[in-house]
Amino acid sequence: MNEQLKLDVKTIICSTISTPIKPEEMPDDFRLAGENLDSMAVMNLILALEENLEIVFDDDELSVDAFEDVTSIVKLIYTKVEKNYA
18 MNEQLKLDVK TIICSTISTP IKPEEMPDDF RLAGENLDSM AVMNLILALE ENLEIVFDDD
78 ELSVDAFEDV TSIVKLIYTK VEKNYA
């Protein structure tokens, strides 16, 4: 998994949700769905990821599992932007 993409995603997460954790300190298994994100926070995160990474999520990609933790988000996004992080 691309480390720069992972850091970019963590930075976006930290700027979107209220957490004292710095992006470089956030563990890859940092739980999001059901613990740190309510429905409004999920929408804000989706919009921030789309805007900052210049991607668009398809409706079928937007599941609880996809936003379970940092790793699951990065895996989903990597399939969309791998050419930018090669």
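Each residue of the sequence shown is one higher than the last, beginning at 18 in our numbering. Each residue gets a CB set at the ideal place from its N, CA and C atoms; glycine is no exception.
| Check | Outcome |
| --- | --- |
| According to DSSP, residues forming a beta bridge with D86 | R48 |
| First and last residue of the uninterrupted alpha helix (DSSP H) at P57 | A small fix is needed here, since residue 57 is Met in this sequence, not Pro. 56 to 70 is the span of the alpha helix (DSSP H), which, as asked, contains M57. |
| The region 68 to 79 in contact with the region 46 to 53 per 3-pair CB rule at 8 Å | no |
| Helix, strand or coil at V98 [DSSP, three-state] | helix |
| E42 versus T28: straight-line alpha-carbon distance, rounded | 10 Å |
| Separation of I90 from L70, as counted between CA atoms | 12 Å |
| Delimiting residues of the alpha helix (DSSP H) encompassing T33 | 20 to 33 |
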